[in-house]
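Residue numbers (full-length UniProt numbering), protein chains in the order written: chain A, 1 to 364; chain B, 1 to 364.
Here is the structure we will look at.
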DNA sequence: GCTCGCTAATAATGCGTATTACCGGATTGA
DNA sequence: TCAATCCGGTAATACGCATTATTAGCGAGC
């Protein structure tokens, strides 16, 4: 009952040629010494049309070709059962790009999860091989794994800026430094002089970048940084008031909602007494919650760009010929390291400081 | 530079045996006539451990095995750029199940989209072959495509009940009939006697089921159905008031939010004057919008069950031996047709009818 | 007559695995 | 002693495709 699928051999039989001829016609390739007459070519093409033949991606790959499948590996669950949907927006972009590229997406959901984090173990390496290349999303990174990726020359692209040894790791990231800098400038333009940074200074790249942006912007304005590294919101709020800060910037993972609540509980209105700029989108938008001012991370666009970049890396790698002519002229949008702009979000949590504390820098 | 991956031949060389022996040891299979000594077996296993060998899924599949990849085909974009995220909840469940099954997911994003709908054309058939089986999500269905699926004996499972010719199509659906029936009973229990059904009666399965549930429940109560098939909310609202309905049931795609607004604009308060039960989750939950009463579709659970079912179909199909002993005792949770319960949502849009119109059926 | 050079293909091989067919030596049965 | 049986494996092949090496035919030039 399960009738075999049409193969090149079937097509060949129908056209009265050899399987190899069919392969040549399909690929348009006539590698040095092989010629196919126009008449035969047409016969083959007709046979293909009639039988509705399509290549078997697996066999192609096994024979050294490409599957037209691109992989997506997430270090955490791609679609979390609980908690915020972090990867969703990326996938929207990734899928869109995949559609345009005519490529299927392979989600590596089988990777063994150790302690909630997926590992790219040896078991996983073989599975990667099904795809022509792979997108890596998530903060976690394992030196050994990355080295192996580089060693085997397997095409991959990180989503999210890679700082350490970033030179060799292709990525598409968000410009947290620039965006954070701009947020501080928004505040100083409103007249703020005492601007704090809320949150523990972790070692993940986004945090490092936010801190750098904050530092840079304050220095440019001749102001002194004020880091509030409290463990809980209550302590943070107390510290903000103790230091008489009129504005703070805070990353989404540092509980801005709760912080604002805590501030108001202590009599400081947001934003009238304290402006709050959010360095990214809120994690758990509340129903009827605040409309945060700050910036947004272009996740969808990152997904698109990352897949395009990956696609190009695959193409470069797949076409083993003429390696030199490659980066003769860099194709725009396919640089190995891309930092996308994070557009400002107007919102409603940034206003001039209360009079009597700071003064607007310039009165219109 | 791109060092070859470890193959069975490499392992064989290290263990001093033939490639075939390695294959036998790996599969535990000793197909009638082949015997492997315990000592050799251990040597092979050691070699596997040392080299970190893992099977290449492509080669396995090509040789008639399984890839441990399951496909997901959506007739519309899986992750829509705009509009509601319909498939998301399903994917949460699907991914979770995939993780447990140790299986990767292949998203068929490359299928050519004609007029916004993906087609499963001949071009797609070959690509399907990469996966051991496939999940189909979306309302659209093409007779020819389905017939082909059945003919080729390719394992697949629909998400969403399949009515027409449903007998042969495996699916995991939601019990819209039962859930809708229950909603009407909720209303009658509150004392409503004039209950309308809002929305054009489409031919898609969920709508058919909702209408059936509505009909059944009303008949059981000795009440007469009242279908409001207006094109726009204004007309619908007018009709509701003209017919003096005290409660309506409405599917999420029929703009319940706008309908409620329109009713209140005309002086009828929701739910005081008109109770509204939502037959499913709202499509575009508003910030600070109503907390709808009604039921919810267990999409996540549907995803889980569907993938489990698919996995079983694949296993049945893959183990070509002893076909008969198969459904000797049906494994629970793997019936070919599954209808999942849609739990009630309490909400705040269902109250007893205003006194003077209807009376509570029973006063406590 | 024989080689050279060109056209138009085909035969053969490899990719990594599963599987079938076969084989060589040792032990047993008569 | 010779065949039958059993043990422990190997060789060969197929899967569907890409690619390299090779072949057959034919007209021209020496």
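For glycine and all other residues, C-beta sits at the position ideal for the given N, C-alpha and C.
Min CB distance residue i to chain B below 8 Å
i: residue 138(A); result: no
i: residue 102(A); result: yes
i: residue 96(A); result: yes
i: residue 315(A); result: no
i: residue 79(A); result: yes
i: residue 366(A); result: The question about residue 366(A) has no answer, for chain A in this structure spans 1 to 364.
i: residue 323(A); result: Because residue 323(A) carries a pLDDT of 33, less than 50, the predicted location of this residue cannot be relied on, and no value is offered for it.
i: residue 54(A); result: yes
i: residue 92(A); result: yes
i: residue 35(A); result: no
i: residue 105(A); result: yes
Short CB-CB distance (under 8 Å) between residue i and chain A
i: residue 57(B); result: yes
i: residue 125(B); result: yes
i: residue 68(B); result: yes
i: residue 65(B); result: no
i: residue 110(B); result: yes
i: residue 99(B); result: yes
i: residue 349(B); result: no
i: residue 88(B); result: yes
i: residue 288(B); result: yes
i: residue 346(B); result: no
i: residue 5(B); result: yes
i: residue 220(B); result: no
i: residue 330(B); result: For residue 330(B), the predicted structure reports a pLDDT of 48, less than 50, and the residue's modelled location is therefore unreliable. The matter cannot be settled from this model.
i: residue 45(B); result: no
i: residue 62(B); result: yes
Integer Cβ distance of residue i from residue j, believed to fall under 8 Å
i: residue 133(A); j: residue 336(A); result: Not confirmed; about 14 Å, so no contact.
i: residue 234(A); j: residue 262(A); result: 6 Å
i: residue 349(B); j: residue 275(B); result: 6 Å
i: residue 293(B); j: residue 213(B); result: At roughly 16 Å, the Cβ-Cβ gap does not stay under 8 Å, so residue 293(B) and residue 213(B) are not in contact.
i: residue 303(A); j: residue 97(A); result: 7 Å
i: residue 252(A); j: residue 221(A); result: The pair is not a contact, with the Cβ atoms about 24 Å apart (cut-off 8 Å).
i: residue 186(B); j: residue 278(B); result: Between residue 278(B) and residue 186(B) the Cβ distance is about 12 Å, and since that is not below 8 Å, they are no contact.
Short Cβ contact (8 Å threshold) for residue i with residue j
i: residue 353(A); j: residue 246(A); result: yes
i: residue 184(B); j: residue 271(B); result: no
i: residue 215(B); j: residue 225(B); result: yes
i: residue 228(B); j: residue 195(B); result: no
i: residue 8(B); j: residue 22(B); result: yes
i: residue 43(B); j: residue 15(B); result: yes
i: residue 129(B); j: residue 56(A); result: yes
i: residue 249(B); j: residue 259(B); result: no
i: residue 62(B); j: residue 62(A); result: yes
i: residue 41(A); j: residue 25(A); result: yes
i: residue 178(B); j: residue 208(B); result: no
i: residue 158(B); j: residue 171(B); result: yes
Span of the alpha helix (DSSP H) around residue i
i: residue 195(A); result: Careful: residue 195(A) lies outside any alpha helix (DSSP H), inside the beta strand (DSSP E) at 195-198.
i: residue 23(B); result: 19-27
i: residue 93(B); result: 88-101
i: residue 169(A); result: Element bounds for residue 169(A): n/a, residue is neither H nor E.
i: residue 131(B); result: First-last for residue 131(B): undefined, no H or E at that position.
i: residue 184(A); result: 176-190
i: residue 276(A); result: Premise fails: residue 276(A) lies in the beta strand (DSSP E), 275-279, not in any alpha helix (DSSP H).
i: residue 261(B); result: 256-265
Neighbourhood of residue i by C-beta distance below 8 Å, restricted to the same chain and skipping five residues each side
i: residue 72(B); result: 78, 91, 94, 105, 106, 107, 108, 134, 135, 137
i: residue 391(B); result: With chain B covering 1 to 364 only, the question about residue 391(B) has no answer from this structure.
i: residue 308(B); result: 97, 101, 333, 334
Nonlocal neighbours in the same chain, by C-beta distance under 7 Å from residue i, ignoring five residues either side
i: residue 89(B); result: 299, 300
i: residue 150(B); result: 168
Element boundaries [beta strand (DSSP E), containing residue i]
i: residue 74(A); result: 69-74
i: residue 294(A); result: 293-295
i: residue 157(B); result: 156-159
i: residue 247(A); result: 247-250
i: residue 338(B); result: 337-340
i: residue 241(B); result: Here residue 241(B) belongs to no beta strand (DSSP E); instead the alpha helix (DSSP H) covers 233-242.
Residues near residue i in its chain [Cβ-Cβ closer than 6 Å; skip 5 each side]
i: residue 112(B); result: 119
i: residue 124(B); result: 111
i: residue 267(A); result: none
i: residue 102(A); result: none
i: residue 155(B); result: 133, 313, 314, 317
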